[in-house]
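Number 201 in full-length UniProt numbering belongs to position 201 of the sequence shown; there are no gaps in the numbering. Every residue gets a Cβ at the ideal spot worked out from N, C-alpha and C, and that includes glycine.
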Amino acid sequence: KCSATRSNCRNRPIDLVFIIDSSRSVRPAEFEKAKEFLQDMVDSLEIGSDATRVGLVNYASTVQIEFLLKTYFDKLALKQALVRVEPLASGTMTGMAIKSAMEKAFTVGAGARAGSMNIAKVAIIVTDGRPQDQVEEVSAAARASGIEIYAVGVDRADMTSLRLMASQPHDEHVFYVETYGVIEKLTSKFRETLCEEMRSEITQDACICEAQIVFQKKVQLTMQELSRKHILLRPMGQQDY
Numbered sequence: 001k002c003s004a005t006r007s008n009c010r011n012r013p014i015d016l017v018f019i020i021d022s023s024r025s026v027r028p029a030e031f032e033k034a035k036e037f038l039q040d041m042v043d044s045l046e047i048g049s050d051a052t053r054v055g056l057v058n059y060a061s062t063v064q065i066e067f068l069l070k071t072y073f074d075k076l077a078l079k080q081a082l083v084r085v086e087p088l089a090s091g092t093m094t095g096m097a098i099k100s101a102m103e104k105a106f107t108v109g110a111g112a113r114a115g116s117m118n119i120a121k122v123a124i125i126v127t128d129g130r131p132q133d134q135v136e137e138v139s140a141a142a143r144a145s146g147i148e149i150y151a152v153g154v155d156r157a158d159m160t161s162l163r164l165m166a167s168q169p170h171d172e173h174v175f176y177v178e179t180y181g182v183i184e185k186l187t188s189k190f191r192e193t194l195c196e197e198m199r200s201e202i203t204q205d206a207c208i209c210e211a212q213i214v215f216q217k218k219v220q221l222t223m224q225e226l227s228r229k230h231i232l233l234r235p236m237g238q239q240d241y
C-alpha cells in the first residue's frame, strides 16, 4: 500500500529513555519543572507498543529506574507516572545512570525493540551539575551499542561533560538552558529533532509510491493495448471458450 500521504511525523517509533538528575542542587520547584518538560515531550509523541515507548531513569548518588520501556503504552498512564516521580536528593552519579540505562533500560527484556526492527534508541539526559563520576567511557560504550544520546544542561551544568556524553554532531545533541523555568522551550526543538528522520522516510516513501503508481499505470496501459490488439486481430466468427 502506498504511504505518500503520511504527514504526521509523530508516527516515527522510538525507544526513548529519559535520564534525569534529581540531586540536591535541583530544588523541588525545579524538579517539578523538569517533570513538566518530560510530560510536554510525551504529549508531542505518539505513545504505544508499536509506536514510541518511554522509560525513565532517575539518579543522584544512586540510580533508580522509575519505569521501563515496556511498562506504559498509554499516554495518560505514562504522564501520571511522571507526576509521581520523587527526587532522590544527594550526589550526581551521571556515569552510573548512563550505565544503568544501557544495561537495564535499553534491553529487550526491559521492552526495547530488537535491533533487527531498526527502531531508534534515544536517551535524553537532563542535568544541572558536574558529574561526580566518569562519563566519557560509559557514554562511548552506550553510543557504540546504538543509543543516540542527547544531553541537556541547565544552569550550572558542565558543558565539557555534556559534550563527552552526547552523540555527534554536538550542535544537534547538546542543549543548554539558563534555568528549569525555561526548559519547556526545548520541547519544540526536540519535536523537530526526533521527527527529522521520519520526514526523510516520508520523502523516500513518497518517491517509491510515485514510482509504483507510474509503473502500475504503464502496466495498465500495456494490458489495455494488448487487449485492443487481441480484439482487432481475432478472426471473425471465432468464439471465446
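Contact between Gly153 and Tyr176 is confirmed by a C-beta separation of about 5 Å, below the 8 Å threshold.
Here the alpha carbon of Ala140 sits roughly 10 Å from the alpha carbon of Ile98. The three-state secondary structure of Leu16, taken from DSSP, is strand. Rounded to whole angstroms, Glu46 and Thr52 show a C-alpha spacing of 6 Å. Taking all protein chains in view, the Cβ of Asn58 is crowded by 16 or more other Cβ atoms within 10 Å, so the residue is classified as buried. For the 7 Å CB-CB criterion, Ile19 and Ala123 form a contact. About 5 Å separates the beta carbon of Val174 from that of Ala151, a gap short enough to meet the 8 Å contact definition.
A residue is called buried when at least 16 other Cβ atoms come within 10 angstroms of its Cβ; Pro13 meets this threshold and is buried. By the Cβ neighbour-count rule, Asp50 is exposed, with fewer than 16 other Cβ atoms within 10 Å of its own. Val63 and Glu86 have their C-alpha atoms spaced approximately 12 Å apart. For Glu178, the secondary structure class from DSSP, reduced to helix, strand or coil, is coil. Annotation for Lys121: the continuous beta strand (DSSP E) segment containing it runs 120-127.
In the three-state reduction of the DSSP assignment, Ser161 falls in the helix class. Bounds of any alpha helix (DSSP H) do not take in Ile47, whose DSSP letter is neither H nor E.
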